[in-house]
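Residue numbers are given in numbering that gives the first Met the number 0: position 286 of the sequence shown equals residue 285, and the series is strictly consecutive.
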Amino acid sequence: MNVTNIETFIVSVPLIKPFKTAIRTVLSADSLLVRLDCDNGISGWGEAPATVAITGDSLPSIETAIKEYLGPFLMGRNLLFYEEVLPELARVMVGNTSAKAALDMAVYDCLSQFSKLPLYEYLGGACGELETNMTVSVNSPEEMGDDAGQYVEQGFSVLKVKVGIGEIEDDIKRVKEIRKRAGQDIRIRLDANQGWSAKDAIKAIRQMEDEGLGIELVEQPVKAMDLYGLKKVADHVDTLIMADEAVFSPKQAMDVIRMRAADLINIKLMKAGGIYQAQIINQLAETAGMECMVGSMIETHLGITAAAHFAASKKNITRFDFDAPLMLSKNILEGGLSYQANKISLPNEKGLGIKAVAVQTH
0 MNVTNIETFI VSVPLIKPFK TAIRTVLSAD SLLVRLDCDN GISGWGEAPA
50 TVAITGDSLP SIETAIKEYL GPFLMGRNLL FYEEVLPELA RVMVGNTSAK
100 AALDMAVYDC LSQFSKLPLY EYLGGACGEL ETNMTVSVNS PEEMGDDAGQ
150 YVEQGFSVLK VKVGIGEIED DIKRVKEIRK RAGQDIRIRL DANQGWSAKD
200 AIKAIRQMED EGLGIELVEQ PVKAMDLYGL KKVADHVDTL IMADEAVFSP
250 KQAMDVIRMR AADLINIKLM KAGGIYQAQI INQLAETAGM ECMVGSMIET
300 HLGITAAAHF AASKKNITRF DFDAPLMLSK NILEGGLSYQ ANKISLPNEK
350 GLGIKAVAVQ TH
């Protein structure tokens with residue numbers, strides 16, 4: 000199954016509502032899609048969103064990486080030897096994890112199609128249904144409360160609340176309003192997106208604990224490289240602390256695990272460079288008794304379908320953050336994952352289950 004052709008496509012899908020975090024405000028899902036064609040007639044799809052503030056990858060840099068370096072490396076390669084091909088792909092360039100992830104998921108799409116299995120089954124999974132949280136982006140307490148109430152009415156039982164902008168008292172007001180509007184039965188997760196200092200994080204989390212706000216976990220409260228600060232927070236609060244931007248690679252996962260700097264790890268294909276490396280991160284965490292979430296950037300149904308297949312295949316992955324397609328004004332796929340309120344169903348078709356993609360050649 001040798002690669003004979005690689006095509007790229009740029010897409011931009013407007014969001015229904017601006018998505019605001021402590022790092023950035025997003026108005027549209029801007030991605031480069033890639034299609035691998037093989038000599039046996041199989042084609043695989045992948046996606047790389049532009050997330051400059053997190054991965055450093057822009058659409059021009061992703062396109063250049065694929066067209067000039069990563070793509071030429073893959074041309075003519077037999078994908079059945081993926082244990083050789085994918086580690087070598089990771090070493091072609093330093094960084095550029097989003098570009099690598101797009102090609103990696105296209106490779107796995109091809110492999111699982113060749114095996115006549117849905118990707119989650121090819122990776123070892125048996126369940127094709129997941130429950131996603133829904134994200135409440137940063138706004139005034141009143142607007143965030145309105146959004147939270149709307150999501151609960153739509154059937155979501157887990158809310159991921161963005162904080163980390165302004166004073167910690169502002170964040171506590173936001174969380175209080177959301178808890179009031181959502182009720183006591185809804186699980187609330189906070190994501191500070193590196194917006195707090197260690198001291199402020201401890202102060203804020205302890206106050207929320209004392210006030211009985213029932214926070215399930217707090218994601219990346221401090222700067223990505225501040226592992227000592229992350230550990231300080233984890234050691235001084237009862238609430239679970241999750242590492243996100245602190246973990247791109249298996250090496251960084253090992254650093255977090257050795258230090259016990261967090262209780263959980265959020266794996267994203269765009270940080271890890273694809274499914275191959277993401278599996279290693281999950282295995283390291285599982286060995287250390289540390290559960291994982293799989294999250295995503297602002298991606299289309301294509302990238303989220305690949306991430307969901309991976310997440311559904313691993314029992315150590317216990318939390319799922321796949322709401323990005325619900326924020327988009329349209330779906331460019333025929334096939335792929337589908338939503339019923341907070342429930343995600345993966346297709347039973349082989350590979351990613353993608354039948355068609357509405358794109359123009361680029």
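Glycine is no exception: its CB is placed at the ideal position from the N, C-alpha and C atoms.
Can you find the residues in the same chain that come closer than 8 Å, C-beta to C-beta, to MET104, ignoring five residues on each side of it along the sequence? As a working mapping, residue 104 is identified with position 105 in the sequence shown. Correct list, in chain order: GLY43, TRP44, GLY45, GLU46, LEU268, GLY273, ILE274, GLY302, ALA305 and LEU351.
> Does the beta-carbon distance from ALA431 to ARG23 come in below 8 Å?
Replying inline: The structure shown does not extend to residue 431, since the chain is modelled only from 0 to 361, so the question has no answer here.
- Can you say whether LEU362 is buried or exposed, counting buried as having 16 or more other CB atoms within 10 angstroms of its CB? There is simply no residue 362 to check, as the chain begins at 0 and stops at 361 in what is shown.
Of the choices SER312, SER337, ASP320 and TYR338, whose alpha-carbon is the least far from that of SER111?
Numbered from 1 along the sequence shown, position 112 holds the residue referred to as residue 111. If we check each option's Cα against that of SER111, SER312 comes out closest.
Considering only C-alpha positions, which residue in the set GLY294, LYS172 and LEU122 is nearest to ASN265?
Taking the sequence shown and counting its residues from 1, one reaches residue 265 at position 266. Checked all of GLY294, LYS172 and LEU122; the closest Cα to ASN265 is GLY294.
First through last residue of the alpha helix (DSSP H) which encompasses ASP237:
Position 238 of the sequence shown, counted from the first residue, corresponds to residue 237. Neither: ASP237 is in no alpha helix (DSSP H) and is coded neither H nor E.
Going by alpha carbons, who is nearest to MET207 out of LYS198, THR238, PHE8 and ASP225? By one-based count along the sequence shown, residue 207 stands at place 208. Taking each of LYS198, THR238, PHE8 and ASP225 in turn and checking the Cα distance to MET207, the smallest one comes out for THR238.
Discussion item. Measuring straight from C-alpha to C-alpha, what distance separates VAL10 and ALA28?
Written reply: Translated into positions along the sequence shown, residue 10 becomes position 11. Translated into positions along the sequence shown, residue 28 becomes position 29. Each residue's Cα considered, the two are about 8 Å apart.
Q. If you draw a straight line from the C-alpha of LEU85 to the C-alpha of ALA242, how long is it?
A. For this step, residue 85 is matched to residue 86 along the sequence shown. For this step, residue 242 is matched to residue 243 along the sequence shown. Rounded to the nearest angstrom, the two C-alpha atoms are 25 Å apart.
>> According to DSSP, is ALA340 part of a helix, a strand, or is it coil?
In response: In the sequence shown, residue 340 corresponds to position 341, counting from 1. ALA340 falls in the coil class under three-state DSSP.
Mind checking which residues open and close the alpha helix (DSSP H) that includes PRO374? Residue 374 lies beyond the range of the chain shown here (0 to 361); nothing can be said about it.
Among the residues of its own chain, which have a CB less than 8 Å from the CB of SER395, if the five just before and after it don't count? Missing from the structure shown is residue 395; the chain here goes from 0 to 361 and no further.
Starting from LEU14, trace the beta strand (DSSP E) in both directions and tell me its first and last residue.
Position 15 of the sequence shown, counting from 1, holds the residue named residue 14. In the DSSP annotation of this structure, the continuous segment of the beta strand (DSSP E) that includes LEU14 starts and ends at 2-19.
* Is there contact between the segment 62-81 and the segment 136-149, where contact requires at least three CB pairs shorter than 8 Å? -> Fewer than three beta-carbon pairs drawn from the segment 62-81 and the segment 136-149 are found closer than 8 Å, and the two stretches are therefore not classed as touching.
As assigned by DSSP and simplified to three states, the class of CYS109: Locating residue 109 in the sequence shown gives position 110, where the first residue counts as 1. Helix at CYS109.
- Can you check the segment 243-270 for any alpha helix (DSSP H) of at least 4 residues that lies completely inside it and give the ranges in chain order? Taking only runs of at least 4 residues, the alpha helix (DSSP H) segments lying wholly in the segment 243-270 are 249-258.
ask   = What span of residues does the beta strand (DSSP E) with THR134 cover, start to end?
value = Counting from one through the sequence shown, the residue named residue 134 turns up at place 135. 133-135 is the span of the beta strand (DSSP E), which, as asked, contains THR134.
Item to check | Segments of 3+ residues assigned as beta strand (DSSP E) that fall wholly inside the segment 126-201 | outcome: Every unbroken stretch of the beta strand (DSSP E) spanning 3 or more residues and falling wholly within the segment 126-201 is given here in chain order: 128-130, 133-135, 157-161 and 186-190.
Review point. By how many angstroms is the C-alpha of CYS291 removed from the C-alpha of SER196?
Key: Numbered from its first residue, the sequence shown carries residue 196 at position 197. Numbered from its first residue, the sequence shown carries residue 291 at position 292. Distance between the alpha carbons of SER196 and CYS291 is about 24 Å.
Please name the residue in ALA307, LEU325 and PRO59 whose C-alpha comes closest to that of ARG318.
Indexing the sequence shown from 1 puts residue 318 at position 319. Of the residues ALA307, LEU325 and PRO59, the one whose Cα lies closest to the Cα of ARG318 is ALA307.
- prompt: Alpha carbon to alpha carbon, what distance is there between VAL217 and VAL236?
  reply: As a position in the sequence shown, residue 236 is number 237, starting the count at 1. As a position in the sequence shown, residue 217 is number 218, starting the count at 1. Looking at the two C-alpha atoms, the distance is approximately 10 Å.
Check: Can the beta-carbon of PHE72 be found closer than 8 Å to that of VAL93?
Finding: On the sequence shown, residue 72 is found 73 positions in, with the first residue counted as 1. On the sequence shown, residue 93 is found 94 positions in, with the first residue counted as 1. Between PHE72 and VAL93, the C-beta spacing is not below 8 Å.
Exercise for review: Measure the Cβ-Cβ separation of VAL2 and LEU35 and say whether it is below 8 Å.
Suggested key: Within the sequence shown, the letter at position 3 stands for residue 2. Within the sequence shown, the letter at position 36 stands for residue 35. Cβ atoms of VAL2 and LEU35: closer than 8 Å.
TODO: Identify, in the order they occur along the chain, each residue of the same chain with its Cβ nearer than 8 Å to the Cβ of LEU226, setting aside the five sequence neighbours on each side.
DONE: Walking along the sequence shown from the start, residue 226 turns up at place 227. Only ALA245, ASP254, VAL255, MET258 and ALA260 meet the Cβ criterion.
How should GLU298 be labelled, buried or exposed, when 16 other C-beta atoms within 10 angstroms of its C-beta is the threshold for buried?
The sequence position of residue 298 within the sequence shown is 299, counting from 1. Its Cβ being crowded by 16 or more others within 10 Å, GLU298 is buried.
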